[in-house]
């Protein structure tokens with residue numbers, strides 16, 4: 006998407022990742038800022054379902070034509086689903102970073118971690 | 008490097024106005040992309056793109072001793088270079104390591120212009136000057152005298168011809184023309200595998216010439232597309248595929264080395280040619296998902312020196328140094344891509360051919 010956007014109903018990690026939590030399961034993805042900095046995404050290498058992720062650590066890689074970047078987990082837990090559609094349409098990460106460009110769903114192990122994440126206003130402030 | 012110390016080309020304002028992403032590159036602030044790498048890449052493959060490559064350096068060598076000096080510095084046989092011709096060569100150190108790869112244009116009987124890579128320009132110039140002692144020759148840093156535009160793609164010549172005062176030089180020829188009323192050294196060279204021209208012009212003329220070529224339909228293209236385009240056709244990039252630690256023979260550039268001329272490094276190049284190098288540079292395609300990058304190790308020995316996703320082939324491609332015994336087309340090998348083993352196969356040059364379908 007051409008215009009920067011940061012939805013109100015998400016929580017943000019300073020490494021430019023977002024999460025949306027519902028019933029103890031969190032969906033992860035990268036923010037508009039991250040996909041814009043990366044440029045056209047051409048490859049997403051998903052982690053395996055069942056593997057564990059740790060807040061602040063890399064759980065996947067996303068590649069543009071030019072470079073590879075780590076994707077950081079905003080929260081800790083176990084991966085219960087990965088967005089396999091990104092294998093064929095990695096460009097969804099650019100086109101719809103908060104929708105079709107979601108990356109994994111994680112069963113949270115430390116729900117209290119979300120208190121350290123940023124709300125929209127704090128994240129947007131961190132970008133300037 | 009601080010942005011304040013980065014040099015700007017005469018087209019900096021044009022790039023900024025066009026929404027380019029500007030990045031530091033070899034001491035210059037250069038456009039890496041405008042609308043998007045894929046669109047720019049495909050524009051050059053199917054129509055015409057324009058690149059600002061004013062960061063490239065120029066060294067003029069002139070005087071009665073110009074040929075003799077260049078023959079000593081450049082790997083190719085400079086005596087074969089007729090007036091108005093272009094010649095590719097490498098610049099070697101005494102041990103045969105590659106200091107730069109260069110195009111040299113013979114402008115007049117005793118006047119040659121050599122285009123350098125931006126990152127090597129100062130070193131090349133010092134090398135030329137150091138070895139000029141004893142020759143009746145002037146070595147001139149001409150970097151400030153020129154802006155350089157590359158107009159590339161199947162309709163590039165047609166576009167530039169329409170604003171030229173006379174027929175454009177053929178491939179690997181160069182000559183002065185008036186373009187939209189401005190003097191330009193028009194060179195039938197490029198770095199994309201497409202037909203096209205490179206224009207060496209007065210920096211003051213660059214913005215209006217850029218505007219005119221863009222107005223006539225050329226898509227501004229950045230350094231990122233320039234890199235994917237050159238890699239699809241297996242052109243070497245200094246700093247990736249060429250370095251002081253490697254010789255031209257292992258890089259597959261023996262064709263532009265004429266050891267009989269006695270150029271600096273020719274003994275080492277001859278020895279390497281006779282002994283057959285232990286490693287050779289090969290193009291490859293990945294067999295499956297993933298993208299190999301510069302620095303990734305080849306299992307069993309060797310390393311990737313360039314890697315990207317090919318916008319035209321939609322597969323990971325690159326160039327790698329492999330042990331000579333494995334450097335044959337069709338050979339399968341594996342690359343350690345940040346801890347993941349990716350399968351690859353040695354391909355033939357070029358990786359992309361015009362007659363293949365473009366699905367980008």
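Chains as they are written, first to last, in this note's numbering: chain A, 6 to 133; chain B, 8 to 367. Idealized CB from N, CA, C, for every residue including glycine. Note that the structure is a prediction, hence the values are computed from the model and not measured.
Query                                                                                                                                                                                      : Result
Might you give, ordered along the chain, the residues of its own chain that have their beta carbon closer than 6 Å to the beta carbon of residue 59/B, omitting 5 neighbours on each side? : 16, 18
At what residues does the alpha helix (DSSP H) containing residue 128/B begin and finish?                                                                                                  : 128-138
Counting contacts by CB-CB distance shorter than 8 Å, is residue 318/B in contact with chain A?                                                                                            : yes
Between 215/B, 240/B, 249/B, 347/B, which lies nearest to residue 124/B when the distance is taken from Cα to Cα?                                                                          : 249/B
Please list, in chain order, all residues of the same chain as residue 306/B whose beta carbon is under 8 Å from its beta carbon, the five residues on each side excluded.                 : 340, 341, 342, 343, 348
Determine the burial state of residue 26/B: buried for a count of at least 16 other Cβ atoms within 10 Å of its Cβ, exposed for fewer.                                                     : exposed
Quick one: does residue 67/A have its CB under 8 Å from some CB of chain B?                                                                                                                : no
Touching or not, the segment 351-359 of chain B and the segment 236-248 of chain B, by the rule of three or more beta carbon pairs under 8 Å?                                              : yes
Helix, strand or coil, according to DSSP, for residue 69/A in the structure here?                                                                                                          : strand
Using a Cβ cut-off of 8 Å (strictly closer), state whether residue 235/B contacts chain A.                                                                                                 : yes
Taking residue 315/B and residue 302/B to be in contact with their CB atoms under 8 Å, please state how far apart those CB atoms are, rounded to whole angstroms.                          : Not quite, the Cβ-Cβ distance comes to about 13 Å (not below 8 Å), so this is no contact.
Could you check where the alpha helix (DSSP H) with residue 234/B kicks off and where it finishes?                                                                                         : 230-239
Run the CB neighbour count on residue 20/B, radius 10 Å, all protein chains shown included, and call it buried at 16 or more, exposed below.                                               : exposed
What residues from chain A crowd round residue 324/B, counting only those whose CB sits closer than 9 Å?                                                                                   : Within 9 Å Cβ-Cβ: nothing; residue 324/B doesn't reach chain A, min ~11 Å.
So with Cβ pairs under 8 Å, would you call residue 47/A a contact of chain B?                                                                                                              : yes
Distance cutoff 8 Å, beta carbons only. Does residue 315/B sit that close to anything in chain A?                                                                                          : yes
Should residue 257/B go down as buried or exposed, given a rule of 16 or more other Cβ atoms within 10 Å for buried?                                                                       : buried
Alpha carbon to alpha carbon, how far is residue 205/B from residue 179/B?                                                                                                                 : 11 Å
Run through the segment 21-103 of chain A for me and flag every whole beta strand (DSSP E) of 3 or more residues, listed as ranges in chain order.                                         : 22-27, 30-35, 46-50, 63-69, 73-77, 82-87
Going by beta carbon distance, what residues of the same chain come within less than 6 Å of residue 67/B, once the five residues before and after it are set aside?                        : 120, 147, 149
Any C-beta of chain A within less than 9 Å: which residues of the segment 64-88 of chain B qualify?                                                                                        : none
What are the partner residues of residue 293/B, as DSSP defines its beta bridges?                                                                                                          : 351/B
Should residue 231/B be flagged as near chain A, meaning a C-beta pair shorter than 8 Å?                                                                                                   : yes
Anything in the segment 105-117 of chain A with a Cβ closer than 9 Å to a Cβ of chain B? List those residues in chain order, please.                                                       : none
Quick one: is residue 71/B buried, meaning 16 or more other Cβ sit within 10 Å of its Cβ, or exposed?                                                                                      : exposed
Can you give me the C-alpha to C-alpha distance between residue 84/B and residue 276/B, rounded to a whole angstrom?                                                                       : 14 Å
Is the segment 281-293 of chain B in contact with the segment 191-203 of chain B, if contact means three or more CB pairs nearer than 8 Å?                                                 : no
Quick one: Cα of residue 171/B to Cα of residue 222/B, how far?                                                                                                                            : 15 Å
Could you have a look at residue 320/B and say whether DSSP puts it in helix, strand or coil?                                                                                              : coil
Can you tell me whether residue 46/A is buried or exposed? The criterion is at least 16 other CB atoms within 10 Å of its CB, across all chains shown.                                     : buried
Rounded to the nearest angstrom, what separates residue 14/B and residue 151/B at their Cα positions?                                                                                      : 11 Å
Closer than 8 Å is the cut-off here; do at least three beta carbon pairs connect the segment 69-81 of chain A with the segment 11-29 of chain A?                                           : yes
Would you list the residues sitting across from residue 59/B in a DSSP beta bridge?                                                                                                        : 156/B
Compute the distance between the beta-carbons of residue 156/B and residue 164/B, then report whether it is under 8 Å.                                                                     : no
Let me check one thing: in DSSP terms, what residues is residue 35/B bridge-paired to?                                                                                                     : 14/B, 32/B
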